[in-house]
Amino acid sequence: MIDLVALVLVFSIVVLAAGRIGLFCSKWRLPLITGFLAGGFLAGPDVLKILDRPAVEELGFINQIALAIIALAAGNELVLKEYRSQFRSIGWVTTGLVVTTFLLGALTMYILSGWLPVMKDLTPAVRVAIALLAGVILVARSPSSAIAIVNELRAKGPVTGTILGVTVVMDAVVIAMFAVGSEIAHSITTADFHFGIGFVGLLLLKFFLSIACGCALWKLLCAYMRWPLHHYQKFILLLATGFGVFRLADWFHHFSSDNWGLAVHTEPLLICMIAGLLVTNYSPHRAEFSRLLEEIGPPVYLTFFTLTGASIDLGILQQTYHIAAGLCLVRLCTVFAGSYLGSTIAGDPPQHRRILWLGFVTQAGIGIGLAREIAVHFDPWGSDLATILIAVIVINQIIGPPMFKWAVGLANEVRHRAASLDGTSQQSAFIFGSATGAAMMLAGQLVSRGWDVTLATLDESIEESVAHSGAKVITFPEVSRQSLEALQLETAGVVIGLMGDDDNLALCELNDRHFGIGRIIARFTQRIDEGRKWHDRGVIVIDPTTSLVSLLEHYVTSPVATSILLGRDPEQDVVEVEVTDPSLAGVPVRDLKIPLDALILSISRDGHTLVSHGYTELKLGDLLTVVGPPAVLPKTVVYFDR
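The number in our numbering is simply the position in the sequence shown, starting from 1, with 131 added.
Structure (structure tokens):
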């Protein structure tokens with residue numbers, strides 16, 4: 132026990148070092164996973180020898196905990212209602228990828244295994260098992276990498292949606308395939324294997340038993356979510372439960388073999404994936420469950436990939452690197468063929484069919500996790516196969532993200548204009564007022580949020596220029612239709628009148644008659660009653676005196692909310708976004724997959740303000756008021772955009 136504690140402490144130091152190596156790799160635009168694997172490899176038995184082979188095997192329980200979390204996360208990503216509008220395309224592309232990649236990948240691996248020094252002496256049955264497992268791993272994708280790229284580029288559109296949907300669905304498919312494939316591989320490598328109805332029946336029994344265990348775990352996780360425990364206590368429960376699933380599966384395997392004479396093996400990864408899927412789609416705990424996985428994920432992945440790197444055998448890698456390169460090339464061809472075939476059957480546009488495959492190259496977490504499972508359960512050749520497959524995954528993880536970005540760029544789905552602080556697409560605002568004071572301060576704040584601001588002033592002594600804030604300053608002679616047309620006022624998203632009362636009234640009148648800008652804000656100091664008449668026509672009328680009193684009142688009664696609304700809280704901000712994505716029409720608020728830190732405060736619909744609750748269904752054209760940290764609001768706004 133003391134030796135194990137010391138080993139865990141040593142490994143913890145290795146993990147911290149691997150984390151720093153990962154950050155260093157990210158500065159060179161390499162995936163973090165590459166750095167984590169490299170850190171573990173350097174500490175492993177082939178380089179610095181900080182961790183020897185027995186030590187890596189003794190730390191296997193860490194693999195089991197991490198794999199359980201990875202499988203739960205795979206189920207959590209699959210929000211079924213998210214993909215209903217693209218179900219046909221996602222279904223056919225997934226089918227095409229699975230069939231072509233699995234069949235051709237397995238065939239290639241079977242042929243190549245006959246040439247490998249470490250595998251050429253194996254029996255044909257073992258080579259078939261190797262080919263079967265390799266084919267499954269080659270099918271795997273990387274949802275985490277795909278989601279990170281989509282968030283980075285603010286990408287949205289049919290190509291991005293299909294790639295993301297297929298990638299998420301594929302994780303669940305691969306885990307199910309591995310559950311079946313590993314059972315077949317175990318069976319055909321035993322001496323007394325006979326294919327028949329009994330074998331198929333036993334295979335189905337194991338599969339459905341895993342599903343039943345997944346449903347039981349779903350109920351247990353829902354109970355955890357209901358308990359009034361601190362987040363950290365739920366972290367510990369989640370980790371312990373994941374480890375317990377693996378231990379119970381192992382115990383049941385031995386129990387059934389010793390007492391029934393029939394080895395029944397349930398697949399822990401399938402159990403956890405099903406439980407994660409059910410918690411996400413069929414319980415009210417999706418938000419809290421997602422938050423737990425999101426917060427616990429980074430340290431778990433760092434630990435897992437570091438240990439995986441330490442398990443890589445340099446000698447095997449030197450003998451098989453050319454095989455890994457060949458498998459990568461074959462996989463690229465099968466990905467192209469499968470995605471093109473599937474998208475053709477689904478009826479996707481021809482230009483999408485040609486570029487869709489570029490988004491399916493990346494591999495990462497679940498693929499490496501399944502490779503580690505092979506190394507553990509298929510001795511003695513499992514570790515050799517795992518080393519080859521991990522090399523393939525690392526190559527795909529390096530070349531995949533740039534190819535995905537290329538695909539999104541070719542599809543014109545990169546939202547360059549959406550990269551403002553508040554996440555809104557760049558809009559234009561016309562501010563009418565003095566080139567100094569409040570008008571210039573407002574212009575500067577809007578520019579800082581990514582707006583295209585024009586400050587129009589009647590003071591002709593001001594030189595037309597671009598202010599230091601980034602706002603364009605122009606002059607115009609009078610508030611008339613001709614002058615406003617010369618300013619191209621019709622292009623404005625918002626008009627703000629900070630001139631004198633007479634000029635602001637004229638601006639409201641001209642906009643109502645000739646321009647029809649939907650959002651217009653006007654300040655009145657003397658002719659307030661006349662200004663308020665425009666309120667019924669959609670003008671937001673500002674009375675400085677009453678506004679100040681109202682502001683002070685709200686600071687007294689609700690200081691935190693007022694600070695957020697005024698942008699005084701650096702940790703929270705408020706934006707308004709319009710629902711323009713047709714796939715979100717009819718979706719309840721509780722089923723939206725927006726960032727967990729974002730909260731929809733209200734919905735403006737047909738001139739009425741609705742206080743949203745979980746069962747409020749969205750409609751196209753709804754205006755949502757969203758509050759959250761500035762870092763997550765851009766993702767939220769892009770989510771609702773077309």
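For each residue, glycine too, the CB sits at the ideal point set by N, CA and C.
This structure is a prediction, so every number in the text was calculated from the model and none was measured.
Taking the C-beta atoms as reference points, Cys353 is found nearer than 9 Å to Ser414. Within the same chain, Cβ atoms closer than 7 Å to the Cβ of Leu370 are found at Ile196, the five residues on either side in sequence being excluded. For the region 417-459, the continuous alpha helix (DSSP H) assignments of 4+ residues that do not extend past its boundaries occur at 417-442, in sequence order. Residue environment for Cys346: exposed (fewer than 16 other C-beta atoms within 10 angstroms of its C-beta). Asp704 is bridged by DSSP to Gly759.
The way I'd put it, the region 498-506 does touch the region 261-273; three or more beta-carbon pairs between them come closer than 8 Å. Here Phe435 is near Ile193, since their CB atoms are less than 9 Å apart. Leaving aside the five residues that flank Glu188 on each side, none in its chain has a CB nearer than 6 Å to its CB.
Sequence-distant partners of Ala617 (beyond 5 residues in either direction) whose C-beta falls short of 8 Å from its own C-beta, in its chain, are Phe607. In terms of CA proximity to Lys350, Ile405 leads the group Ile405, Ile521, His362, Glu748.
Per DSSP, Leu727 has no beta-bridge partner at all.
For the pair Asp660 and Ile673, the Cα-to-Cα distance works out to about 11 Å. Here DSSP, grouped into helix, strand and coil, assigns Ala347 to helix. Here Asp583 carries a strand assignment [DSSP, helix/strand/coil]. CA-to-CA, the gap between Ala256 and Asp444 works out to about 24 Å.
Per the coordinates, the alpha-carbon of Phe339 lies some 51 Å from the alpha-carbon of Ile695. The shortest CA-to-CA distance from Phe167 to any of Gly153, Asp643, Leu235 is the one to Gly153. Within the region 607-683, the runs of alpha helix (DSSP H) that reach at least 4 residues and sit entirely inside it are, in chain order, 612-617, 632-641, 659-663. Beta bridge pairing from DSSP links His361 with no other residue. Within 10 angstroms of the beta-carbon of Ile671 lie fewer than 16 other beta-carbons, which makes it exposed.
A distance of 9 Å or more separates the beta carbons of Asp632 and Phe646.
Around the CB of Ser157, fewer than 16 other CB atoms lie within 10 Å, so the residue is classed as exposed. Assigned with DSSP and collapsed to three states, Arg215 falls in helix.
Beta bridge pairing from DSSP links Arg736 with His739.
In summary, Pro176 is buried, with 16 or more beta-carbon neighbours lying within 10 Å of its beta-carbon over all protein chains present. Sorting Leu636, Ile648, Gly649, Gly669 by C-alpha distance to the C-alpha of Gln657 places Leu636 at the top. DSSP places Ala570 within a helical segment (H, G or I) once states are collapsed to three. Contact annotation: the region 475-493 does not touch the region 243-262, with fewer than three C-beta pairs closer than 8 Å. A distance below 7 Å between beta-carbons, with the five flanking residues on each side excluded, links Val525 to the following residues of its chain, in chain order: Thr165, Leu168.
Judged by DSSP in its simplified three-state form, Ser559 adopts strand.
Cβ contact annotation for Val584 (same chain, cutoff 6 Å, sequence separation greater than five): Ala560, Ala574, Leu577, Val578, Ala602, in chain order. Counted as a single uninterrupted DSSP element, the alpha helix (DSSP H) harbouring Lys766 occupies residues 764-771. As the crow flies, the alpha-carbon of Thr740 is around 9 Å from that of Leu754. Pairing Leu448 with Ala495 gives a Cβ-Cβ distance that is not under 9 Å. One Cα belongs to Val224, the other to Ser614, and the distance between them is close to 55 Å.
Leu228 is positioned such that its CB atom lies closer than 9 Å to that of Met301.
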